[in-house]
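The opening residue of the sequence shown carries number 255 in this note's numbering; numbering runs sequentially from there. No residue lacks a Cβ here, since even glycine has one placed at the ideal position from N, Cα and C. I have placed the structure first, in the form of C-alpha cells, so that the comments after it can refer back to it.
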Amino acid sequence: MTLDQVFILAFLAHFGWVAMLYVWLTIERQSAVAKGEVRIGDFIRAGADPERSNRVARNLSNQFELPVFALFAGLFIYLSGQVTLIDVAAAWLFLFGRVVHTGVQTLTRNVPLRGMVFVINFTGVVILMTRVAWIALI
C-alpha cells in the first residue's frame, strides 16, 4: 500500500465509523420505542431521545464538527501530492481519537475524561491544518 493510500484509508475508516454510529443510533432508538420510553412521533423534534440514544446522537453530531477540518485538510494534502509520514500519523491519530471519544461520550458520564480524550483528535487536526498552512503558504 502506498503512503497516499494509507493516508486516505484513515478518512475512509472515519466514514465507516460514522456509518456504524448511524446504525447504533437506529438500534438505540428502536429499542427505546419498543420499551415505551419514547414514541416514534417524538423524534420529530430534536432532543426527544432518552439518555442512551441521546449520547449516541450527540456523538454522531460531533462527527460533523471538528472532523470537517480534518477532512478538508486531508483532501487538500492529498490533492497537493505532498502526503508525508507526518500526515499519515496525524490522520490515524485523528481517527483513533474519534473512536476513543465515542466510547467515552456514549458509554460513560465522565465529562472531564471526554475533554482529555478530545485532545487526541484535536492534536491530529492541528497537525493536519498546520501541514495545510505549510503547503499553501511556504
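- Item | Beta-carbon proximity check, F286 vs S315, cutoff 8 Å | This sequence places Ala at residue 286; Phe is not what is there. Cβ atoms of A286 and S315: not closer than 8 Å.
- Query: Span of the alpha helix (DSSP H) holding M383?
  - Reply: 365–391
- Item | Whole-Å CB distance - Q317 paired with L275, under 8 Å assumed | 7 Å
- Message: Determine whether the beta carbon atoms of V310 and T360 lie at a separation below 8 Å.
- Response: yes
- Does the distance from the CB of A264 to the CB of W346 come in under 8 Å? yes
- Apply the 10 Å Cβ neighbour rule to P321 and answer buried if 16 or more other Cβ atoms are within range, or exposed otherwise. buried
- Task: Could you name each continuous alpha helix (DSSP H) segment of 4 residues or more that falls completely within the region 264–351, going from the start of the chain to the end?
- Result: 305–316, 321–334
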